[in-house]
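With positions in the sequence shown counted from 1, the corresponding number in my numbering is that position plus 186. A short worksheet on the structure shown next.
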Amino acid sequence: MKVAVFSSKPYDEKYICQANSIHEITFFEPHLNSKTVALASGYEAVCCFVNDSLDSDTLVALKNAGISLVTMRCAGFNNVDLQAAESCGITVCRVPEYSPHAVAEHALALILSLNRSIHRAYNRVRENDYSLNGLLGFDMYNKTVGVIGTGKIGATFARIMQGLGCKVFAYDPFKNPEVEKLGIEYLPIEKIWSESDILSLHCPLVPATRHLINSNSIGQMKKGVMLINTSRGGLIDTRAVIDALKQKHIGYLGLDVYEEESELFFDDNSNHLLLDDVFARLKTFNNVIITGHQAFFTEEALSAIASATIQNIDNFASGKLDDIHLVKSK
Ligand code: NAI
Numbered sequence: 187m188k189v190a191v192f193s194s195k196p197y198d199e200k201y202i203c204q205a206n207s208i209h210e211i212t213f214f215e216p217h218l219n220s221k222t223v224a225l226a227s228g229y230e231a232v233c234c235f236v237n238d239s240l241d242s243d244t245l246v247a248l249k250n251a252g253i254s255l256v257t258m259r260c261a262g263f264n265n266v267d268l269q270a271a272e273s274c275g276i277t278v279c280r281v282p283e284y285s286p287h288a289v290a291e292h293a294l295a296l297i298l299s300l301n302r303s304i305h306r307a308y309n310r311v312r313e314n315d316y317s318l319n320g321l322l323g324f325d326m327y328n329k330t331v332g333v334i335g336t337g338k339i340g341a342t343f344a345r346i347m348q349g350l351g352c353k354v355f356a357y358d359p360f361k362n363p364e365v366e367k368l369g370i371e372y373l374p375i376e377k378i379w380s381e382s383d384i385l386s387l388h389c390p391l392v393p394a395t396r397h398l399i400n401s402n403s404i405g406q407m408k409k410g411v412m413l414i415n416t417s418r419g420g421l422i423d424t425r426a427v428i429d430a431l432k433q434k435h436i437g438y439l440g441l442d443v444y445e446e447e448s449e450l451f452f453d454d455n456s457n458h459l460l461l462d463d464v465f466a467r468l469k470t471f472n473n474v475i476i477t478g479h480q481a482f483f484t485e486e487a488l489s490a491i492a493s494a495t496i497q498n499i500d501n502f503a504s505g506k507l508d509d510i511h512l513v514k515s516k
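As structure tokens, this is what we get:
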């Protein structure tokens, strides 16, 4: 098939080219949206990532350009209007699982860095400042960790935290038997808010989970709670979180995703002014660590994403629709 890859970076090109032998693939750096959709003309499929905007206008334009397949090289698909895709007759597929370890281990990296102030210690040592004041951490052992969403990543994360001797509780509308086998108890969400020393989000962004973390849920949390989000930015009402940081209700915040990240992440913006005042405020707290959507970014994950994406395209091209990871609106 003739495939246009959007939001492409050199690492995407490297791994996709390694996995591909038969398709004619062109790599475009811009995000796919209603302004850039003309680039897709002459292709049969587009391959997209988390910050491409596949809204109704873009999908209609894709259909008119002759596109029949949108293949997402990620697990989340909250940026695709699935109903519009269906009415355009465009098939949407994704990579449901590539490396749950990559994301779960990144969540752990954020937790340990925040707890032991590694980001601050790194800077102090560079400045010949070996004072410890302000760097006091806590033992992870015996702390209570609440896991919201126990699919592939949440389950992997829960197992890791058990390994540190934490008490792990979970919330998910659909219980995962693998997680129950670990002896992890599912609790109502209110209990998770009130019991957890550390909260980690691993559920998808859907209408029911948008701003799951808001002033009401924060109000039910322990004072000084650590909040980790490696899932999707929209799960958090960022302004409410900033207020809670100012009141010291949230004691630590680790983010790999941000509500308005599409204008910021994955690009070198160091020569531009930062115009997002909310994000700018977030960056001023010394108990906040932000990474730019890099939790998935391991060699193993990139290789698995590329092979699964090419497999999806192969199967679509040969009419094996049952064998591709379809995403449907219902
Ligand atoms: P998954 O589909 O295996 O698991 C998601 C779980 O969330 C399911 O068990 C589901 O029942 C649960 N869930 C649904 N609605 C919920 C709700 N209202 N409250 C609590 N749980 C709910 O997905 P997976 O692979 O574990 O990924 C989780 C999320 O991680 C993805 O949706 C994606 O947004 C994010 N992600 C982030 C990456 C990064 O680089 N930062 C990379 C890959 C995924």
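Where is the CB? At the ideal position from N, CA and C, for every residue including glycine. What you are looking at is a predicted structure, and each value in this text was computed from that prediction instead of being measured.
Thinking C-beta only, is residue j closer than 8 Å to residue i?
i      : j      : result
Met412 : Ile384 : yes
Ala394 : Tyr372 : no
Ile436 : Ile378 : no
Ile422 : Ile399 : yes
Val474 : Leu439 : yes
Leu300 : Tyr327 : no
Gly337 : His388 : yes
Phe452 : Asn237 : yes
Ala344 : Thr416 : no
Thr257 : Cys279 : yes
Ala290 : Ile370 : no
Ile510 : Phe502 : yes
Leu431 : Phe471 : yes
Lys353 : Thr330 : yes
Ser303 : Ile276 : no
Ile414 : Ser380 : no
List the DSSP bridge partners of residue i.
i      : result
Tyr438 : Met412
Met258 : Cys234
Glu371 : Phe355
Gly332 : Phe355 and Leu385
Glu210 : Lys188
Cys279 : Thr257 and Leu512
Leu240 : Val266
Val474 : Leu439
Ile422 : Ile399
Less than 7 Å separating the Cβ of residue i from some heavy atom of the ligand SAM?
i      : result
Leu373 : Ligands present in the displayed structure are limited to the ligand NAI, and the ligand SAM is not among them.
Candidates the options: which alpha carbon is nearest residue i's?
i      : options                           : result
Gly405 : Asn301, Lys434 and Ile211         : Lys434
Pro282 : Asp508, Thr495, Ile499 and Ser504 : Thr495
Asp463 : His479, Glu446 and Ile475         : Glu446
Arg425 : Val191, Leu468 and His287         : Leu468
Thr212 : Ala231, Asn219 and Ser220         : Ala231
Thr222 : Cys203, Thr244 and Gly275         : Thr244
Gly420 : Gly478, Ser401, Val443 and Val278 : Val443
Ala487 : Ser403, Glu210, Arg259 and Ile208 : Arg259
His518 : Asp325, Leu296 and Val278         : Only positions 187 to 516 of the chain appear in the structure, and residue 518 is not among them; the question remains open.
Arg418 : His217, His397 and Gly320         : His397
Val246 : Asn472, Tyr316 and Ala224         : Ala224
Phe192 : Phe471, Glu215 and Leu461         : Glu215
Gly262 : Ala270, Gly252 and Pro286         : Pro286
Ala205 : Ser194, Asn250, Asp325 and Gln497 : Gln497
Asp267 : Leu240, Gly252 and Ala288         : Leu240
Pro390 : Ser207, Asn265, Cys203 and Glu210 : Asn265
Lys408 : Ser386, Asn402, Val392 and Ser382 : Ser382
Ile346 : Ala288, Ile499 and Glu199         : Ala288
Ser515 : Ala271, Leu441, Asp500 and Tyr201 : Ala271
Gly252 : Ala190, Lys200 and Gly228         : Gly228
Tyr284 : Leu507, Glu485 and Asp325         : Glu485
Taking 7 Å as the cut-off, is the beta-carbon of residue i closer than that to any non-hydrogen atom of the ligand NAI?
i      : result
Ala261 : yes
Ala394 : yes
Gly335 : yes
Glu283 : yes
Phe360 : yes
Phe482 : yes
Cys234 : no
Thr416 : yes
Val443 : yes
Pro363 : no
His479 : yes
Tyr197 : no
Phe289 : Here residue 289 is Val; the residue named in the question, Phe, does not match the sequence. It does: the Cβ of Val289 is within 7 Å (strictly closer) of some heavy atom of the ligand NAI.
Glu218 : Checking the sequence shown, residue 218 turns out to be Leu, not Glu. No - the ligand NAI has no heavy atom lying nearer than 7 Å to the Cβ of Leu218.
Gly419 : no
Leu321 : no
Lys469 : no
Cys389 : yes
Ile339 : yes
Tyr438 : no
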